[in-house]
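Peer 1: Counting with the UniProt record's numbering, you get residues 1 to 566 for the letters of the sequence shown. C-beta: ideal position from N, C-alpha, C; glycine also.
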Amino acid sequence: MARLTPWRLACLGITFVLSVNVSSIVPYLIDRGRTAGAPATGASADAGAPGGRAARRAPDAVLALSVPAVAAAGVGGTAVFAGAGGECPGRKPYHTLLTATGQVYQQWQCRVMYRHWLKQRALDPKGACTEMTGFTRLVASAGARPDGIEDEVPSFFVHEYTNAELRQYNGYKVVNRPYSVVQLMAAPYWRERIPEEYVLIAETDHIFMQPIPNTAAPGAPSAYVFNYMGVNPAFEAIVHRHWRAGCGDSCTAPDYRTVQPIGPSPVLIHKPDLERVGAAWHKTAIALKLDPAADARLGWVIEMWGYAIASSAVGLRHTLFADFQVEPGALSSRAQLERFTERYWILHYTYQFEYYLDSTPCRPWMIGEYSLDKRHFSDAYPQRPLPLPPPKANVAAFWLVGAINEAMGNITDWPTAGGGGKPAGVRLSEQSVYGRRRAAWFLKHENGFKTEKRVMPLIAALIGTRWACTRADGGEAFELELGDGGDGRMSGRGGSVRWASMNNPELQPLCPIGACIYVDGGGGNANVHVAQPTGSGLTAYRDRPRGGPALWTCAIVAASKATAAA
Numbered sequence: 001m002a003r004l005t006p007w008r009l010a011c012l013g014i015t016f017v018l019s020v021n022v023s024s025i026v027p028y029l030i031d032r033g034r035t036a037g038a039p040a041t042g043a044s045a046d047a048g049a050p051g052g053r054a055a056r057r058a059p060d061a062v063l064a065l066s067v068p069a070v071a072a073a074g075v076g077g078t079a080v081f082a083g084a085g086g087e088c089p090g091r092k093p094y095h096t097l098l099t100a101t102g103q104v105y106q107q108w109q110c111r112v113m114y115r116h117w118l119k120q121r122a123l124d125p126k127g128a129c130t131e132m133t134g135f136t137r138l139v140a141s142a143g144a145r146p147d148g149i150e151d152e153v154p155s156f157f158v159h160e161y162t163n164a165e166l167r168q169y170n171g172y173k174v175v176n177r178p179y180s181v182v183q184l185m186a187a188p189y190w191r192e193r194i195p196e197e198y199v200l201i202a203e204t205d206h207i208f209m210q211p212i213p214n215t216a217a218p219g220a221p222s223a224y225v226f227n228y229m230g231v232n233p234a235f236e237a238i239v240h241r242h243w244r245a246g247c248g249d250s251c252t253a254p255d256y257r258t259v260q261p262i263g264p265s266p267v268l269i270h271k272p273d274l275e276r277v278g279a280a281w282h283k284t285a286i287a288l289k290l291d292p293a294a295d296a297r298l299g300w301v302i303e304m305w306g307y308a309i310a311s312s313a314v315g316l317r318h319t320l321f322a323d324f325q326v327e328p329g330a331l332s333s334r335a336q337l338e339r340f341t342e343r344y345w346i347l348h349y350t351y352q353f354e355y356y357l358d359s360t361p362c363r364p365w366m367i368g369e370y371s372l373d374k375r376h377f378s379d380a381y382p383q384r385p386l387p388l389p390p391p392k393a394n395v396a397a398f399w400l401v402g403a404i405n406e407a408m409g410n411i412t413d414w415p416t417a418g419g420g421g422k423p424a425g426v427r428l429s430e431q432s433v434y435g436r437r438r439a440a441w442f443l444k445h446e447n448g449f450k451t452e453k454r455v456m457p458l459i460a461a462l463i464g465t466r467w468a469c470t471r472a473d474g475g476e477a478f479e480l481e482l483g484d485g486g487d488g489r490m491s492g493r494g495g496s497v498r499w500a501s502m503n504n505p506e507l508q509p510l511c512p513i514g515a516c517i518y519v520d521g522g523g524g525n526a527n528v529h530v531a532q533p534t535g536s537g538l539t540a541y542r543d544r545p546r547g548g549p550a551l552w553t554c555a556i557v558a559a560s561k562a563t564a565a566a
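1) So what's R363 in DSSP terms, helix, strand or just coil?
2) Work out the CA separation of I212 and K126 for me, nearest whole Å.
3) Please report the distance separating the alpha-carbon of P266 from that of F226.
4) Using alpha carbons as the reference points, say which of T360, P533, R244 and V259 lies closest to F235.
5) Tell me the rounded alpha-carbon separation between S312 and I269.
6) Looking at the unbroken beta strand (DSSP E) that takes in V497, where does it start and where does it end?
7) Spatial neighbours of G52 within its chain, please: C-beta separation below 8 Å, excluding the five flanking residues on both sides.
8) Looking only at its own chain, which residues have a Cβ that is under 7 Å from the Cβ of residue 567, when we skip the five neighbours before and after it?
9) Just the Cα atoms here: how many angstroms apart are A202 and E150?
10) By how many angstroms is the C-alpha of M185 removed from the C-alpha of V314?
11) Could you tell me which residues DSSP puts in a beta bridge with V158?
12) Is the beta carbon of G535 closer than 7 Å to that of I556?
13) Among residues of its own chain, excluding the 5 on either side of S24, which ones have a beta-carbon nearer than 6 Å to its beta-carbon?
14) Hey, quick one: how far does the beta strand (DSSP E) through T553 stretch, first residue to last?
15) Are the CB atoms of I207 and H116 nearer to each other than 7 Å?
16) Grouping DSSP H, G and I as helix and E and B as strand, with all else coil, what is N227?
17) For M502, which residues in the same chain have their Cβ closer than 6 Å to its Cβ, ignoring the five residues on either side in sequence?
18) Determine the closest residue to M132 out of G420, Q210 and R343, with distance taken between C-alpha atoms.
19) Could you say which of S429, E354 and R375 lies nearest to M366 if we only look at CA atoms?
20) Under DSSP, the beta strand (DSSP E) around F478 begins and ends at which residues?
21) Check each candidate in M490, V326 and S332 and name the one with the smallest Cα separation from E342.
22) What are the uninterrupted segments assigned as alpha helix (DSSP H) that are 4 or more residues long and contained completely in the segment 256 to 303, given in chain order?
23) Helix, strand or coil, according to DSSP, for V175 in the structure here?
24) Which whole-angstrom value is the C-beta distance of D246 and T284, which I expect to be below 8 Å?
25) Leaving out the 5 sequence neighbours to the left and right, which residues in its chain are closer than 7 Å to K392 when beta-carbon positions are compared?
26) When we look at the beta-carbon of W441 and count the other beta-carbons within 10 Å, is it buried (16 or more) or exposed?
27) Using alpha carbons as the reference points, say which of I411, A558, L298 and R339 lies closest to L118.
28) From this set, H242, V139 and Q109, which residue's C-alpha is nearest D205's C-alpha?
29) At what residues does the beta strand (DSSP E) containing G521 begin and finish?
30) Pull up the CB-CB distance for Y224 and F324, whole angstroms please, since I reckon it's below 8 Å.
31) Given a cut-off of 7 Å, decide if Y307 and W281 are closer than it, judged by their beta-carbon atoms.
32) Return the first residue and the last residue of the beta strand (DSSP E) that I459 is part of.
33) Nearest to W414 by alpha carbon, out of A500, A294 and V112?
34) If you draw a straight line from the alpha carbon of A38 to that of V301, how long is it in whole angstroms?
35) Taking residue 600 as the reference, which of D487, M456 and T451 has the closest Cα?
36) Roughly how many whole angstroms lie between the Cα atoms of L462 and M408?
In structure tokens form, the structure reads like this:
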């Protein structure tokens, strides 16, 4: 099956999902006993597995790392169901462990993810014998402080690396994931609040599509296959150089060919197996990051390589499952989308869904007129509901928008434009999935203004035009010049500006599709209606908040060279 590689930005599509209020269809009980202020653990990453076993001295080849005391334990959750023991033969309950940080970016994703975990657990045909019994959001935060949604999402808080510590690791924040797992396993919470014998390690941008059965066994975890992490002879020296970083003399013999194409998530794993590999994963990831050659070759997935190498080094072999999750985009192949809604367990929305309004998927490294990308909501929550994709977008795009909207719609205290919701003080994004092409970096990209100039007659006709403009508030008049490359200038105090097309359905009727540009700079951002025929006038409106009275109007002074020649 053709899959998208991590350096290949993709564009996606969607299917409708029936909105379900899970709490109203299946009663469930979650133990939310608080343990905030729990005694400090002071455990070391070099200690043995949790449970009081004697710690063996780390061999010199093992990277030595310490674990701070866990200052704050949050809220934990284990579902209580009837039907244990003989009533559920062969049942292997597992605890979902969602690794996260306290940043807004991951916080809203966690809420969406947990809502769908609840939904799929409620829909499990096994009923009371479901294996999806417990859930903990494992949060790495500054000082292990709660972030305000722990009453909604069962959570446990551990320390994240400080900025000073991260500088040692070239600012690579992803090392907080194995670091948080090591801290959890050293804390009483691991033994006392996670009674299940198995855990499923998940990520914030995972949405469960089906109830997930436990396919793991002792010594045989289940893992997703990452095709871009296959055996590569070019990595042999790197792998062998760091083989013993996490387990020293107890490691197996180095053999890069045994490293599996896996990461630490999604992984279903027996708890003793995670205890075997956890500290080694942490140490190996850091050792790789500190090696310039490894850092250059392995890139942003270096922490995943840390887990894969550490697993082989400690002798842990995973059962590989290609359909554990799907990572779709607008450019997904037909094969990947086949039986989409019934085939996969998890949708991982790591890739972008970039489309033109006519449903044409964008090529890689492009922002669409419709742009569904979690990264647009890095410091603010998305507003509900997100607009649906263009009508001929693929099934994955519709499914994802439906799933996010369903979750947001069923979370009653999701932040609102009026300042309501929780957590207090969080910001709500004023933009949705439209209007994202005005990003400064994209304007100068090969797929930005250069492409618009070639394929959009409106843009070609405006290049080189000059306009005499009057401010609606009676302020100083100015001249506007729209230059090539998306550069422009306002006379007087306006200075330089950026401009390009702005086809955004949310701006209609003030700025119609096909007759709208943006002009950013000169003291603010504006959406500008270009009267037709092109050149007969400009009317600018404020971008945020959108609409309202006109900011300024312009009459043409000089036509473009192309128009003049015609």
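Peer 2: Taking the geometry as given:
1) coil
2) 11 Å
3) 11 Å
4) V259
5) 15 Å
6) G495 to S501
7) With a pLDDT of 31 at G52, under the threshold of 50, the modelled position of this residue cannot be trusted, and the question is left open.
8) The chain is shown only over 1 to 566; residue 567 falls outside these bounds and no answer can be derived.
9) 17 Å
10) 17 Å
11) A140
12) yes
13) Residue placement at S24 cannot be trusted, given a pLDDT of 29 that sits under 50; what the coordinates show is reported in the next sentence. Nothing meets the Cβ criterion.
14) G547 to A558
15) yes
16) helix
17) C516, I517, Y518 and N527
18) Q210
19) E354
20) F478 to L482
21) V326
22) 271 to 289 and 292 to 298
23) helix
24) Note on identity: in this sequence residue 246 is Gly, with Asp being the wrong assignment. The pair is a contact, with the Cβ atoms about 4 Å apart (cut-off 8 Å).
25) S359
26) exposed
27) I411
28) Q109
29) C516 to G521
30) 4 Å
31) yes
32) Looking at the DSSP string, I459 is not in any beta strand (DSSP E); the run it does join, the alpha helix (DSSP H), is P457 to L462.
33) V112
34) Only weak support is given to the placement of A38: the predicted model assigns it a pLDDT of 32, under 50, and the value that follows is read from those uncertain coordinates. Approximately 34 Å between the Cα atoms of the pair.
35) Here the chain covers residues 1 to 566 and nothing more, so residue 600 does not appear.
36) 41 Å
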